[in-house]
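Only one structure is covered here, and it is reproduced in the block below.
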Amino acid sequence: MLINKLDNVDINLADGHKYALRDIKCGEDIIKYGNPIGHAVADIKKGEHVHTHNVKTNLSGNLEYSYEPKFYDTPAVPTDRTFMGYVRENGDVGIRNEIWIVNTVGCVNKISQKLAELTGARYFPHPFGCSQLGDDQTITQKVLRGMVNHPNAAGVLVLGLGCENNNIDVFKKVLGEYNPNRVKFLNTQDADDDIAAGVELINELKEYASKFERTPVPVSRLRIGLKCGGSDGYSGITANPLVGRLSDKVISHGGSCVLTEVPEMFGAEHLLMQRCESPEVFEKTVKLINDFKDYYTRHNQVIYENPSPGNKKGGITTLEEKSLGCVQKGGLSKVVDVLDYGDVLTKNGLSLLNGPGNDIVAITNLMAAGVHMILFTTGRGTPVGAPVPTVKIATNHSLAERKSGWIDFDASPTLDGNPLTDELFDFVVSVADGKETKNEINNYREISIFKDGVTL
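Adding 148 to a residue's 1-based position in the sequence shown gives its number in this note's numbering.
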């Protein structure tokens with residue numbers, strides 16, 4: 149569909165791709181979002197398609213950064229707005245009241261599946277928990293600890309085998325204090341009938357969970373994860389800026405948001421660093437960026453080998469373009485903290501979370517950090533969902549129509565000047581109140597844990 153003309157040159161903007169507004173000389177920067185997204189590697193005529201065939205990234209190697217704060221006016225807004233949440237005995241708040249089965253090791257995946265089918269509990273298979281060394285095992289343990297402690301789970305069965313590195317006795321040391329009414333343990337090697345034993349424990353957890361009822365909770369208690377996947381040329385124009393406005397609104401009400409996908413900050417990290425609330429947070433952000441670049445070089449990989457084939461087909465040309473669109477999900481609020489794998493969100497405001505852009509790893513990291521739900525923008529579409537409600541926000545109307553079984557919210561009307569901020573905020577509150585997202589309706593819930601080392 150041709151939706152614009154430029155001096156008698158037809159410009160096809162419906163596909164999310166870029167077209168030159170004027171002649172661009174070879175070597176000249178290409179500007180989008182007010183920043184360079186690369187440079188021309190050939191002369192580009194006015195009206196010509198601007199993409200991977202004539203544009204290359206400007207990024208290379210590690211960079212030096214200096215703290216030059218630039219803050220925006222995002223004042224706190226007193227509010228009596230509430231959502232209907234579950235207040236736990238320790239004071240945490242959940243937006244679901246589910247029973248989760250958390251495996252210490254992948255060997256019991258099928259047992260957890262069978263227990264879930266028999267009881268209605270949720271299970272989340274993964275291949276780890278044994279034959280891991282060092283940081284890999286530590287990350288696995290911290291992510292599983294985050295699952296066990298997540299307030300959306302009213303009760304948790306920790307399911308082990310018995311001989312794994314991350315056996316229950318070892319995992320308990322990482323887990324720390326727990327409520328024995330809320331968390332039960334089963335080593336399947338120790339039970340003559342592991343299925344019967346598991347069902348019995350889950351039934352005890354279900355009885356405990358039945359004592360909780362929804363009560364009004366201030367929206368300041370909301371914790372929201374921010375994620376994009378299957379992005380296209382509209383991601384940084386419609387859905388991501390919308391989520392950024394929503395993030396600022398939640399934070400203005402006293403809530404918390406978490407932005408992850410560190411490689412998709414490369415080329416736009418300066419915008420986040422400007423908003424770090426203190427030199428200490430700035431230094432943590434610099435370390436976050438440089439450590440992830442070092443991870444690539446340590447494995448002899450190109451730091452800026454991004455975007456993906458689907459991104460490129462959708463109109464994204466360089467990593468700078470992808471990143472400048474991606475970080476818009478964080479709005480304009482101050483960056484108040486930087487979290488590592490397995491760290492739990494503690495500060496109100498916007499936090500950055502270590503981790504790759506891989507969709508399933510990223511949503512797992514966000515869940516383990518304690519977010520109640522995840523806002524997941526997409527231009528290409530994806531069914532993937534986290535253990536927590538995962539709100540899919542379409543960047544374009546075609547996707548919202550074609551994949552209505554995946555998509556929860558259509559951001560495309562923002563192209564016509566409708567900001568949709570209040571509408572998305574109301575939708576988020578409705579999810580907190582109990583409205584099921586498409587990933588919940590479809591039971592599309594999964595986890596994947598980051599791995600960087602040796603497997604025995």
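Just so you know, even glycine gets a beta-carbon here, dropped at the ideal spot from N, CA and C.
These figures come from a predicted structure and were not determined experimentally.
Just how far apart, CA to CA, sit residue i and residue j?
i, j, result
"N245", "V536", "11 Å"
"Y220", "S481", "7 Å"
"N448", "D491", "28 Å"
"G303", "D338", "22 Å"
"H274", "D191", "50 Å"
"G403", "V235", "16 Å"
"T363", "G478", "29 Å"
"I343", "A301", "21 Å"
"K340", "P531", "In the sequence on display, residue 340 carries Asp and not Lys. Approximately 38 Å, taken between the alpha carbons."
"L436", "K218", "20 Å"
"N335", "G277", "14 Å"
"R229", "P455", "39 Å"
"E428", "T286", "25 Å"
"G458", "I541", "17 Å"
"K332", "F319", "13 Å"
"L604", "N257", "20 Å"
"H520", "E594", "15 Å"
"G518", "H418", "27 Å"
"G473", "P226", "30 Å"
"Y181", "A168", "14 Å"
"L563", "D380", "15 Å"
"S546", "A357", "41 Å"
"K193", "H165", "16 Å"
"N590", "T222", "37 Å"
"I596", "G254", "For the record, residue 596 in the displayed sequence is Ser; it is not Ile. Going from the Cα of S596 to the Cα of G254 covers about 11 Å."
"N238", "P561", "42 Å"
"I522", "V406", "9 Å"
"H197", "D240", "52 Å"
"R369", "R170", "49 Å"
"H199", "I179", "13 Å"
"T569", "K321", "44 Å"
Could you tell me how far apart the beta carbons of residue i and residue j are, in whole angstroms, since I believe they sit closer than 8 Å?
i, j, result
"A510", "K375", "6 Å"
"L514", "T408", "6 Å"
"A269", "L305", "7 Å"
"I350", "T267", "4 Å"
"G415", "L207", "5 Å"
Can you tell which of the options has its C-alpha closest to the C-alpha of residue i?
i, options, result
"I555", "I259, G186, L323, Y592", "Y592"
"V367", "G533, F231, N459, I597", "F231"
"I247", "I385, G277, N335, H298", "H298"
"I399", "R371, E412, A387", "R371"
"G242", "G582, K599, S214, R550", "G582"
"Y326", "R293, L307, N315, Y213", "R293"
"V579", "E361, F557, T525, F598", "F557"
"K461", "Y382, E412, T386, M295", "Y382"
"R330", "F360, K321, F598, D317", "F360"
"P184", "T288, V410, K470, E265", "K470"
"S214", "L420, N544, K551, T512", "L420"
"P411", "I385, E453, K397, R446", "E453"
"N544", "A559, K551, A224", "A559"
Please return the same chain residues whose Cβ sits closer than 7 Å to the Cβ of residue i, not counting the five positions on each side in sequence.
i, result
"E176", "H187, A188"
"E216", "Q422"
"N438", "N210"
"N388", "C376, G473, C474, Q476, K477, T525"
"C174", "A188, V189, A190, D191"
"N314", "T252, V253, G277, C278, Q285, T288, Q289"
Among residues of its own chain, excluding the 5 on either side of residue i, which ones have a beta-carbon nearer than 8 Å to its beta-carbon?
i, result
"G601", "Q280, L281, G282, D283, D284"
"V484", "E425, V429, K495, N496, G497, L498, S499"
"L263", "I249, A269, Y271, L305, L307, I343, G346, V347, I350"
"P567", "L390, R393"
"I259", "L307, T336, D342, I343, G346"
For residue i, which residues of its own chain have a beta-carbon under 6 Å away from its beta-carbon, when the five flanking residues on both sides are left out?
i, result
"I451", "K441, Y444"
"N587", "G533, T538"
"V486", "K432, T433, L436, L500"
"I172", "A188, I192"
Verify the contact flag: residue i, CB atom, against every heavy atom of the ligand ADP, threshold strictly below 7 Å.
i, result
"N459", "No copy of the ligand ADP appears in this structure; indeed no ligand is present at all."
Please confirm if residue i has its CB atom under 8 Å from at least one CB of chain D.
i, result
"V291", "The structure shown contains no chain D; it is built from a single protein chain."
**Prompt:** On the three-pair Cβ rule with 8 Å, is the region 384-401 touching the region 557-577?
**Reply:** yes
**Asked** Counting pairs of beta carbons, one from the region 463-472 and one from the region 203-217, are three or more of them closer than 8 Å?
**Response** yes
**Asked** With a cut-off of 8 Å, do at least 3 Cβ pairs link the region 371-387 to the region 503-517?
**Response** yes
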